[in-house]
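**Student:**
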Amino acid sequence: MLSVFQIFKLLIGIIVFIFIMTFFLDITNMYSDIGGSQKEYAIADAFDKTARDVYTSGKSAQFSGFEDLDVLMYRPPALLFGSQKTLSVPLFMIPDKANMTLERRCDDYGWFRFCWILAYSDRGVILFSPLENTDETRQEMENFVNALPDAYSYGFCNGTYAKVSTKQTFIGFINGNMAASTFEECDIEPKDNMRIIVFNDSEPSEGTIVVSGRQAKEPASDGAKVVVFTNADIPALVTGGVDAVLYRQDAFGSELRAATRIMLERTKLVSQKMLVHNAQPCIECATPYPKACGWVDIDGNQKQSQSYNDFIATLQSLMNAVGNGQYEDLLRQSVNDYENLREAGCEI
Amino acid sequence: MKGQTAIMEYMIFVFMAMVIIFFVVALIFGYQILQGSSRKYSAVEENTMFALHKMMTTPLISTPEYQKSAVLEDAKLTVLTCEDVEQLFGEGLWVQVKAFYEKPDCTGIQNLPQRLACQQVRNDIEQTESRECTGSGQNDYPDCGTWTFCPENRKERMVYRSLPVNIYRKMDNTVMLGSLTVGVSGGAS
Amino acid sequence: MKGQTSIMAMVIAMVLVVFIIIFMLSSAFSGQEDQTLKTEFRDMYTNNLLLSLLATDTDCGRFSDMLKSEYFEGRTCFSEKVGAYMKGVLNATGNTNYAWMIEAEPKDFEGITKTWGDESVTEKPGYWDARTILSYSGRQLEIKLYIRTK
């Protein structure tokens with residue numbers, strides 16, 4: 270027969286045991302969640318760091334951490350893996366758990382440059398469905414292929430039949446036998462690492478991007494998503510669709526706006542100060558610019574540079590145009606103006 | 222009496238055991254929290270490094286021809302604002318660029334008038350070096366040697382990193398030596 | 349008596365646990381800086397210092413040209429100016445306690461190695477370095493910068 274004291278000890282022991290077990294079960298539960306997602310965050314952080322390094326250095330890099338993720342999707346600029354991480358630099362990719370190559374690409378406009386990262390594996394497949402098989406379509410297809418990595422496979426989707434080859438072989442076919450071929454509507458199930466580009470003016474079906482002229486369409490819950498794209502947008506369009514193009518155009522516009530403002534203010538300052546600087550008697554200095562910046566003498570006392578005035582005027586118009594998205598022509602004009610300044614010796 | 226003492230002793234025994242368990246659990250938790258804050262500190266360091274890298278290589282403030290090394294253009298720096306810095310390189314940053322001007326060494330000059338003249342030259346150069354070029358300082362450009370962006374009052378746990386850079390003086394078409402200092406607030410992500 | 353011994357044992361165990369906590373706290377705080385980042389920053393600093401210095405213009409010419417003309421032609425502009433510039437930029441970047449040495453070594457021809465700065469920098473381990481190549485009339489000179497804390 271147990272004494273009261275023994276019963277007391279038993280009860281206390283049971284209570285303490287229950288308390289400790291509950292506590293430890295809670296902690297291990299908490300940590301198994303955190304432990305798992307901590308690892309995924311670490312992978313996403315590592316990818317972001319690799320992208321940043323490639324962005325600033327310009328040197329390509331490899332990344333193979335995605336194989337440890339269960340889920341991987343990309344809606345620029347957010348990497349989705351159960352949770353999500355917003356990447357620090359503009360990046361476009363067909364998400365793939367295989368080994369990825371990251372390379373920096375830049376759209377160079379002389380005084381302005383927009384850089385972004387293209388991440389790709391060698392498992393990407395780009396299928397074309399040229400329902401309108403014209404010269405324009407073939408030219409456009411070649412534009413598309415040239416803008417994309419050599420590592421991808423390229424081919425046609427003709428009804429339920431799809432055949433792929435290397436980039437060079439495919440370009441050879443576009444320029445050779447394609448003109449004599451006819452194509453039926455693509456009827457294959459698109460896989461994750463595959464993109465299907467349809468050239469005609471139809472409504473897009475699930476998993477395809479329809480291109481007609483410079484307009485691209487993708488299916489959406491309330492009709493179709495549409496965007497007008499340029500050659501520079503092609504990698505974003507193919508890898509991420511209409512949303513990726515909109516993100517790219519937004520990022521480009523934002524950076525162009527900042528760059529235009531800085532360059533405009535800077536050029537006004539420079540042209541104004543150069544007037545003063547060059548007008549002052551220089552006792553010991555050497556001529557700072559070899560060609561004396563193409564100054565045009567107006568009245569003997571004041572000098573102006575037509576090249577600087579042209580560039581300033583173009584930048585002013587570009588500032589206004591960036592806001593409404595109609596800036597392509599002005600951007601091209603600014604490139605020419607800047608080149609004139611270099612030829613005149615005002616810019617190095 | 223003896224029974225009561227035994228119960229009391231037992232209660233104290235159980236209490237001590239609970240305290241030990243509590244301390245062990247606090248230790249595990251505390252260590253994880255400290256590891257977490259250490260990771261957060263690393264994230265701030267990484268953000269600082271990225272901001273530095275980006276500033277040194279972006280054509281927005283550097284000179285196209287010199288993009289191999291970090292050559293910042295003085296005219297672009299002069300018109301840059303805090304809003305630009307925040308938009309282009311990240312929120313919560315404090316940035317300062319300083320040009321290094323060569324100054325005469327007056328210590329070896331015995332002749333007093335010559336030493337005073339040398340000191341005057343030195344003082345003038347130091348004044349130019351520390352003169353602010355941004356904001357209202359634009360009027361002094363190019364006779365200024367410091368560019369500061371964003372208020373430093375977000376000093377709360379700021380991580381500072383400073384690197385040697387080149388500064389291209391547009392008016393003279395020459396390259397100066399200088400420093401680029403970036404401060405990132407510890408609370409920023 | 350037995351109960352009192354148990355309580356004593358509990359107290360000793362508690363004190364031990366407290367000591368372990370203090371030890372782990374102190375090691376957690378001191379390990380705060382990530383070693384990889386520290387190395388990355390130091391490499392960037394040293395590399396920038398070397399390249400920026402060589403690209404700098406002075407009233408005697410560009411530092412890279414001054415170094416080449418000192419090595420190959422015996423002019424002394426580089427020696428005269430390098431000390432002040434290195435001191436200035438090290439101070440400006442908050443590193444008043446750094447010692448430095450620059451070395452010019454022939455890469456693809458026979459010749460001597462010339463040094464500037466504090467030659468004791470490389471005598472003990474713990475320094476870090478950066479390198480670049482300068483060309484002069486078809487010959488390549490390897491320029492190395494060594495830095496350490498004093």
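Residue numbers (my numbering), protein chains in the order written: chain A, 270 to 617; chain B, 222 to 410; chain C, 349 to 498.
Ideal Cβ positions, reconstructed from N, Cα and C, are used throughout, including at glycine.
Bear in mind that the values here come from a model prediction, so they are computed numbers and not experimental data.
(1) For a contact meaning CB atoms closer than 9 Å, what does Phe-277(A) contact in chain B?
(2) In chain C, what lies closer than 7 Å to Asn-420(B) by C-beta?
(3) Relative to the C-alpha of Arg-535(A), which residue among Gly-399(B), Cys-354(B) and Ser-406(B) is closest?
(4) Scan the stretch 355-382 of chain A for residues whose Cβ lies nearer than 8 Å to a Cβ of chain B and list them as they occur along the chain.
(5) What is the DSSP secondary structure of Asn-445(C), counted as helix, strand or coil?
(6) Val-300(B) CB to nearest chain A CB: under 8 Å?
(7) Strictly below 8 Å CB to CB, what residues from chain C border Leu-398(B)?
(8) Would DSSP call Leu-364(C) helix, strand or coil?
(9) From the DSSP output, in three-state form, read off Phe-288(A) for me.
(10) Just to check my reading of the structure: Asp-295(B) and Ile-388(B) have Cβ atoms closer than 8 Å, yes? What is that Cβ distance to the nearest angstrom?
(11) Pull up the DSSP beta-bridge partners for Gln-484(A), would you.
(12) Between which residues of its own chain and Asp-391(A) is the CB-CB distance below 6 Å, once the five residues before and five after are set aside?
(13) For the stretch 280-356 of chain B, which segments carrying the beta strand (DSSP E) assignment without a break, of at least 3 residues, lie completely within its bounds, in sequence order?
(14) Do we get a CB-CB distance below 8 Å when we pair Lys-391(B) with the residues of chain A?
(15) Run through the DSSP bridge pairs and tell me what Thr-269(B) is partnered with.
(16) Just the C-alpha distance for Thr-402(B) and Arg-382(B), rounded to the nearest angstrom, thanks.
(17) May I ask you to list, following chain order, the residues of the stretch 383-397 of chain C that have a beta carbon less than 8 Å from some beta carbon of chain B?
(18) Helix, strand or coil, according to DSSP, for Met-397(B) in the structure here?
(19) Just the C-alpha distance for Gly-474(C) and Leu-387(A), rounded to the nearest angstrom, thanks.
(20) Along chain B, which residues have their Cβ under 7 Å away from the Cβ of Thr-441(C)?
(21) Kindly say whether Ala-409(B), judged by its beta-carbon, lies nearer than 8 Å to any beta-carbon of chain A.
(22) Let me know if Ala-272(B) comes out buried or exposed under the rule of 16 or more other beta-carbons within 10 Å of its beta-carbon.
(23) Closer than 9 Å between beta carbons: that is the criterion. Which residues of the stretch 528-539 of chain A meet it against chain B?
(24) Provide the residue span of the alpha helix (DSSP H) that contains Gln-408(A), from first to last.
(25) Please state whether DSSP places Ser-406(B) in a helix, a strand or coil.
(26) Express the C-alpha separation of Arg-382(A) and Met-447(A) in angstroms, rounding to a whole number.
(27) Please confirm whether Val-366(C) has its beta-carbon closer than 8 Å to some beta-carbon of chain B.
(28) Using a C-beta to C-beta distance shorter than 9 Å, which residues of chain B count as neighbours of Phe-274(A)?
(29) Keeping to the same chain, check which residues put their C-beta closer than 7 Å to that of Leu-371(A); ignore five residues upstream and five downstream.
(30) Please report the distance separating the alpha-carbon of Ile-491(C) from that of Ala-291(B).
(31) Roughly how many angstroms separate the alpha carbons of Glu-475(A) and Tyr-430(A), rounded to a whole number?
(32) Can you name the residues of chain B whose CB is closer than 8 Å to the CB of Val-285(A)?
(33) Could you tell me the alpha carbon to alpha carbon distance between Glu-608(A) and Lys-297(B), rounded to whole angstroms?
(34) Less than 7 Å between the CB of Pro-399(A) and some heavy atom of the ligand GTP, yes or no?
(35) Let's test the definition: count the other Cβ atoms within 10 Å of the Cβ of Met-229(B) and tell me whether it reaches 16, buried, or not, exposed.
(36) For the beta strand (DSSP E) that contains Thr-369(B), what are its first and last residues?
**Tutor:** In this structure, then:
(1) Within 9 Å Cβ-Cβ: Ile-228 and Tyr-231.
(2) Examination of residue 420(B) is not possible in this model, given that chain B is present from 222 through 410 alone.
(3) Among Gly-399(B), Cys-354(B) and Ser-406(B), the Cα nearest to that of Arg-535(A) is on Cys-354(B).
(4) Under the 8 Å Cβ criterion, the stretch 355-382 of chain A contributes Ser-357, Gly-379, Trp-380, Phe-381 and Arg-382.
(5) Asn-445(C): coil per DSSP, three-state reduction.
(6) Yes, contact with chain A.
(7) What Leu-398(B) touches in chain C: Ser-400, Leu-401, Thr-404, Tyr-433, Gly-436 and Val-437.
(8) Reduced to three states, the DSSP call for Leu-364(C) is helix.
(9) Residue state, collapsed to three classes: helix.
(10) Your pair Asp-295(B) and Ile-388(B) checks out as a contact, with CB atoms roughly 6 Å apart and the cut at 8 Å.
(11) Secondary-structure assignment with DSSP links Gln-484(A) through a beta bridge to Ser-481(A) and Val-497(A).
(12) Ala-420.
(13) Runs found: 292-294 and 314-321.
(14) It does; some Cβ of chain A falls within 8 Å.
(15) Looking at the DSSP output, Thr-269(B) sits in no beta bridge, so it has no partner there.
(16) Looking at the two C-alpha atoms, the distance is approximately 6 Å.
(17) Within the stretch 383-397 of chain C, the residues whose Cβ lies closer than 8 Å to some Cβ of chain B are Leu-385, Glu-388, Phe-389, Met-392, Tyr-393, Asn-396 and Leu-397, listed in chain order.
(18) For Met-397(B), the secondary structure class from DSSP, reduced to helix, strand or coil, is strand.
(19) Approximately 39 Å between the Cα atoms of the pair.
(20) Neighbours of Thr-441(C) in chain B, taken as residues at a C-beta separation under 7 Å, are given in chain order as Ser-383, Leu-384, Pro-385 and Ser-400.
(21) Interpretation of Ala-409(B) is limited by its pLDDT of 41, a score under 50 that renders its predicted location unreliable; the figure taken from the coordinates is listed afterwards. So no, Ala-409(B) is outside the interface.
(22) With 16 or more Cβ atoms within 10 Å of its Cβ, Ala-272(B) is classed as buried.
(23) The stretch 528-539 of chain A vs chain B, Cβ under 9 Å: Ala-528, Arg-530, Ile-531, Met-532, Leu-533, Glu-534, Arg-535, Thr-536, Lys-537, Leu-538 and Val-539.
(24) Judged by DSSP secondary structure, Gln-408(A) falls within the alpha helix (DSSP H) whose first and last residues are 404-416.
(25) In this structure, Ser-406(B) counts as strand in the three-state DSSP scheme.
(26) For Met-447(A) and Arg-382(A), the distance between alpha carbons rounds to 36 Å.
(27) Closer than 8 Å to some Cβ of chain B, the Cβ of Val-366(C) qualifies, so yes.
(28) Listed along the chain, the chain B residues whose CB falls inside 9 Å of the CB of Phe-274(A) are Gly-224, Ala-227, Ile-228 and Tyr-231.
(29) Thr-319, Ala-320, Val-323, Ser-329, Ala-330, Phe-332, Ile-386 and Ala-388, listed in sequence order.
(30) About 18 Å.
(31) Rounded to whole angstroms, the separation of the alpha carbons of Tyr-430(A) and Glu-475(A) is 18 Å.
(32) Contact annotation for Val-285(A) against chain B: Val-235, Ala-238 and Met-239 [CB-CB distance below 8 Å, chain order].
(33) Cα-Cα distance, rounded: 18 Å.
(34) With respect to small molecules bound, the structure shown includes none, and the ligand GTP cannot be examined in it.
(35) It counts as exposed.
(36) 367-370 is the span of the beta strand (DSSP E), which, as asked, contains Thr-369(B).
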